[in-house]
Amino acid sequence: MGETVTFWVCAVVSVLTALGVVFSRRAVYSALMLGATMLCLAVLYAAQDAPFLAAVQIIVYTGAVMMLFLFVLMLIGVDSSDSFVETLKGQRVWAVLAGIGFASLVVLAIGNAAFTNIKGLAAATSQGGYIRSIAGQLFTKYVFAFEVTSALLITAALAAMVLAHRERLVPKATQKDLSRARFQGEQPTPLPGPGTYAHSNAIDMPALLPDGSVSEKSVNRYIARYDVEQGHLPADPKLAEAIKHSVEEESK
Numbered sequence: 001m002g003e004t005v006t007f008w009v010c011a012v013v014s015v016l017t018a019l020g021v022v023f024s025r026r027a028v029y030s031a032l033m034l035g036a037t038m039l040c041l042a043v044l045y046a047a048q049d050a051p052f053l054a055a056v057q058i059i060v061y062t063g064a065v066m067m068l069f070l071f072v073l074m075l076i077g078v079d080s081s082d083s084f085v086e087t088l089k090g091q092r093v094w095a096v097l098a099g100i101g102f103a104s105l106v107v108l109a110i111g112n113a114a115f116t117n118i119k120g121l122a123a124a125t126s127q128g129g130y131i132r133s134i135a136g137q138l139f140t141k142y143v144f145a146f147e148v149t150s151a152l153l154i155t156a157a158l159a160a161m162v163l164a165h166r167e168r169l170v171p172k173a174t175q176k177d178l179s180r181a182r183f184q185g186e187q188p189t190p191l192p193g194p195g196t197y198a199h200s201n202a203i204d205m206p207a208l209l210p211d212g213s214v215s216e217k218s219v220n221r222y223i224a225r226y227d228v229e230q231g232h233l234p235a236d237p238k239l240a241e242a243i244k245h246s247v248e249e250e251s252k
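In structure tokens:
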């Protein structure tokens, strides 16, 4: 009974999160949904008396591959909007062909599972345990697919480094150069933190200077833009005007 309940709960959650991977508009949400799908698969492996596969699913895929995806997203930047311009010619055609091929593989896998006799776990692990059986199949019958997967992971790591690399146009400024530019600029002192001298010490509240005026330099530009778009402005007209003005200055 417990195994049946675990299967249906994890199966439904994994299917929903898999759909979330495809239909989420933000790449970060898709990556998190993919992590939830992998965790559900690990639970299903554990329910089928395969703790080794469950541990590998969590350590390798959820822990390593998912972190690689998230690091790539953070390096590229999640604040910029996704570009819908096709940079590769014919990528939609290749995407359709790849989708048709993947759908064919899914149909063949379902047909193979539905119309062939089930060997059972005992027959599959008759070579001395499931770990030895998995190793024997992995490094004999499926060694080519295993090496191709390794090559794909290495390619993904190299692609992450290439996407995150930026050519330096000017020499890197030293600490002396930064200090000199700071004291020669208009603001030698640190910028006031949000909420300083304000009624609420929150990051979405602009700081108030000692004379009571609003410091627009303390406004977080991301939160201010969100507040203006969603209409979540403070009741104080001075604070609301400062947030609007900071967004206007950033958009220029």
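Quick note: the sequence shown uses the UniProt record's numbering, first residue 1, plus one each step. All residues carry an ideal CB built from backbone N, CA and C; glycine is no exception.
Could you say which of His-165, Ala-27, Leu-53 and Thr-155 lies nearest to Tyr-130 if we only look at CA atoms?
The shortest Cα separation from Tyr-130 among His-165, Ala-27, Leu-53 and Thr-155 belongs to Leu-53.
Could you tell me which residues DSSP puts in a beta bridge with Val-214?
Residue pairing by DSSP places Val-214 opposite Leu-208 in a beta bridge.
To the nearest angstrom, report how far apart Thr-155 and Val-148 are at their CA atoms.
Approximately 10 Å, taken between the alpha carbons.
Does DSSP put His-245 in a helix, in a strand, or in coil?
His-245: helix per DSSP, three-state reduction.
The ligand ADP heavy atom lying under 6 Å from the CB of Ala-64
The ligand ADP is not part of this structure, which contains no ligands at all.
Quick check on Asp-177: does DSSP put it in helix, strand or coil?
Under the three-state reduction of DSSP output, Asp-177 falls in the helix class.
Could you pull the start and end residues of the alpha helix (DSSP H) that Gln-230 belongs to?
Taken as a continuous stretch (DSSP letters only), the alpha helix (DSSP H) holding Gln-230 covers 221-230.
I believe Thr-6 touches Val-43 by the beta-carbon criterion, under 8 Å. Please report the beta-carbon distance rounded to the nearest angstrom.
Thr-6 to Val-43, Cβ: 7 Å. Contact.
What span of residues does the alpha helix (DSSP H) with Leu-169 cover, start to end?
From DSSP, Leu-169 is part of no alpha helix (DSSP H); its letter is neither H nor E.
Cutoff 8 Å; reference Met-33; Cβ partners in own chain excluding five residues on either side
So the qualifying residues of the chain are Thr-17, Ala-18, Gly-20, Val-21 and Ser-24.
Is Ser-80 helix, strand or coil by DSSP?
Unreliable placement is indicated for Ser-80, whose pLDDT of 47 sits below 50; no coordinate value is reported for it.
If you drop the 5 nearest sequence neighbours on each side, which residues of the same chain put their C-beta closer than 6 Å to that of residue 266?
Nothing about residue 266 can be read from this structure; the chain reaches only from 1 to 252.
Val-5, DSSP secondary structure in three states:
DSSP places Val-5 in the helix class (H, G or I) of the three-state scheme.
Secondary structure at Ser-14, three-state DSSP: helix, strand or coil?
Correct three-state label for Ser-14: helix.
Please report the straight-line C-alpha distance between Gly-238 and Asn-220, rounded to a whole angstrom.
The residue you asked about is not Gly; residue 238 is Lys in the sequence shown. When rounded, the distance between both Cα atoms is 16 Å.
How big is the Cα-Cα spacing for Ile-134 and Phe-144?
Taking the straight line joining both Cα atoms gives about 15 Å.
Report the three-state DSSP secondary structure of Gly-20 (helix, strand or coil).
Note: Gly-20 maps to helix in three-state DSSP.
Which residue marks the beginning of the alpha helix (DSSP H) containing Tyr-130, and which one marks its end?
Per DSSP, Tyr-130 belongs to the alpha helix (DSSP H) from 130-136.
Can you tell me which of the three DSSP states Leu-233 falls into?
Correct three-state label for Leu-233: coil.
Determine the DSSP secondary structure at Tyr-142, reduced to helix, strand or coil.
The answer is coil: DSSP assigns Tyr-142 none of H, G, I, E or B.
Please list, in chain order, all residues of the same chain as Val-60 whose beta carbon is under 6 Å from its beta carbon, the five residues on each side excluded.
Excluding residues within five positions, none has a Cβ falling inside 6 Å.
Can you tell me whether Asp-227 is buried or exposed? The criterion is at least 16 other CB atoms within 10 Å of its CB, across all chains shown.
Buried, because 16 or more other Cβ atoms sit within 10 Å of the Cβ of Asp-227.
Whole angstroms are fine: how far does the CA of Ala-159 sit from the CA of Leu-167?
Checking the sequence, you will find Glu at residue 167 rather than Leu. Each residue's Cα considered, the two are about 16 Å apart.
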